[in-house]
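Chains as they are written, first to last, in my numbering: chain A, 47 to 246; chain B, 47 to 246. Take a look at the structure below.
Quick look at the structure:
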């Protein structure tokens, strides 16, 4: 069972990379199989259709986010510390698995309708978690005059684009990149300007 | 000539929307023609191939950025004011033309090689302009400890994701959205923390 799961994860990872490079429509099951060293019949043992593959891949990517980013952050009451934990764990997850898996979630609108809806609900739950955390920070006086939705979407913009541009082995160590992104998004963009409480 | 240009712009706009919805591979010249009310022969009068269409569209999108975002900002010496002008004009351009045209620039890696290289150079020139402006801000003491590349890419992340999520007619007026994005990206993320000069 563990071996099957490991093989499936290799298939998702490879599929994500091919889909990001060539586009979902232009990628065939045969190519994905070949890239992981499986015949078409061998691949069929794991996934029955391209739609099933995409759905499995999107869920796999979102399982990682749920387990490695959302679950640990739920334990943290303070919204500032929760935003920091989310950012560091999300950035590390993307760095470790590569950006393709994160970018491939975007293709979930190409799933057959019921699956697309379920994937959409999962994405939405993650967004809502960030949005609510930002709302809590606003209640403490952060982000005056800024809509929590625009702040949340701007936060996601930085991280999701990082999934596109980050390559391991660049001039900065990955932990240094993670530290700077934390500083830019959380400490500056979201929490940079708490107004002083009025004297009274 | 003016009429031809207007028709071409309508073709680019429509093609961008179709490509963003369906993917480049899955979009046919016939569909693009039908969507702008042209027969296949009629469309052929304007573009000879899908590659030519994509190349024209990408250049059209980058012409808009050059004219409406980069050219006005070049006149501004102060890097802080230049960053503000770039942001406001870039956000307004995306709001006016819709996000599809901006997102479609991403497809330029699917152009035939020489065209893909030329498009890549134009994108790079825009990135370098922002990067250099951020370097100038760093020379004034902004963004201590932050790499100008990571700052520039984070800035682009916010704006490019806005091209995906922004829909006119939302609960906030477009000028208010632009104001908040300016505040989040420039005033907080990039210019939020100038250290005080040392006393000496």
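Beta carbons: idealized from backbone N, C-alpha and C, even for Gly.
Is any heavy atom of the ligand SAM found at a distance shorter than 6 Å from the C-beta of residue i?
i                     : result
residue 57 of chain A : With respect to the ligand SAM, the structure offers nothing, as it holds no ligand at all.
How about residue i: is its C-beta nearer than 7 Å to some C-beta of chain A?
i                      : result
residue 207 of chain B : yes
residue 138 of chain B : no
residue 129 of chain B : no
residue 196 of chain B : yes
residue 246 of chain B : With a pLDDT of only 46 at residue 246 of chain B, under the threshold of 50, the placement of this residue in the model should not be trusted; the figure read from the coordinates follows. So no, residue 246 of chain B is outside the interface.
residue 221 of chain B : no
residue 235 of chain B : yes
residue 78 of chain B  : no
residue 186 of chain B : no
residue 122 of chain B : no
residue 111 of chain B : no
residue 181 of chain B : no
residue 69 of chain B  : yes
residue 238 of chain B : yes
residue 72 of chain B  : yes
Suppose contacts are defined by Cβ-Cβ distances below 7 Å. Is residue i in contact with residue j by that definition?
i                      : j                      : result
residue 107 of chain B : residue 147 of chain B : yes
residue 205 of chain A : residue 92 of chain A  : no
residue 131 of chain B : residue 119 of chain B : yes
residue 98 of chain A  : residue 139 of chain A : no
residue 203 of chain B : residue 203 of chain A : yes
residue 57 of chain A  : residue 104 of chain A : no
Once DSSP output is grouped into helix, strand and coil, what is the label at residue i?
i                      : result
residue 214 of chain A : coil
residue 58 of chain A  : helix
residue 249 of chain A : A query on residue 249 of chain A cannot be resolved here, the shown segment of chain A reaching from 47 to 246 and no further.
residue 86 of chain B  : helix
residue 219 of chain A : coil
residue 182 of chain A : helix
residue 49 of chain A  : helix
residue 190 of chain B : coil
residue 143 of chain B : helix
Using 7 Å as the limit for Cβ to Cβ distance, is residue i near chain B?
i                      : result
residue 61 of chain A  : no
residue 226 of chain A : yes
residue 200 of chain A : yes
residue 203 of chain A : yes
residue 55 of chain A  : no
residue 176 of chain A : no
Under a CB-based cut-off of 7 Å, is residue i close to chain E?
i                      : result
residue 134 of chain B : Given the protein chain composition of this structure (A and B), no chain E is represented.
Measure how close the beta-carbons of residue i and residue j come, nearest whole angstrom, since I'm counting them as under 8 Å.
i                     : j                      : result
residue 69 of chain A : residue 145 of chain B : Not quite, the Cβ-Cβ distance comes to about 19 Å (not below 8 Å), so this is no contact.
Validate contact between the segment 192 to 212 of chain A and the segment 226 to 237 of chain B using beta carbons, cut 8 Å, 3 pairs: Segments in contact, yes.
Flag this pair as touching only if the segment 175 to 187 of chain A and the segment 203 to 218 of chain B have three or more C-beta atom pairs under 8 Å; answer yes or no. Taking a cut-off of 8 Å on C-beta distances, the segment 175 to 187 of chain A does not touch the segment 203 to 218 of chain B, as fewer than three cross pairs fall below it.
With a cut-off of 8 Å, do at least 3 Cβ pairs link the segment 87 to 106 of chain A to the segment 79 to 94 of chain B? Not touching, per the Cβ criterion.
Is it the case that the segment 160 to 176 of chain A contacts the segment 49 to 63 of chain B, given that we only count it when at least three CB pairs across the two stretches are under 8 Å? Contact fails between the segment 49 to 63 of chain B and the segment 160 to 176 of chain A, because fewer than three Cβ pairs, one in each stretch, are under 8 Å apart.
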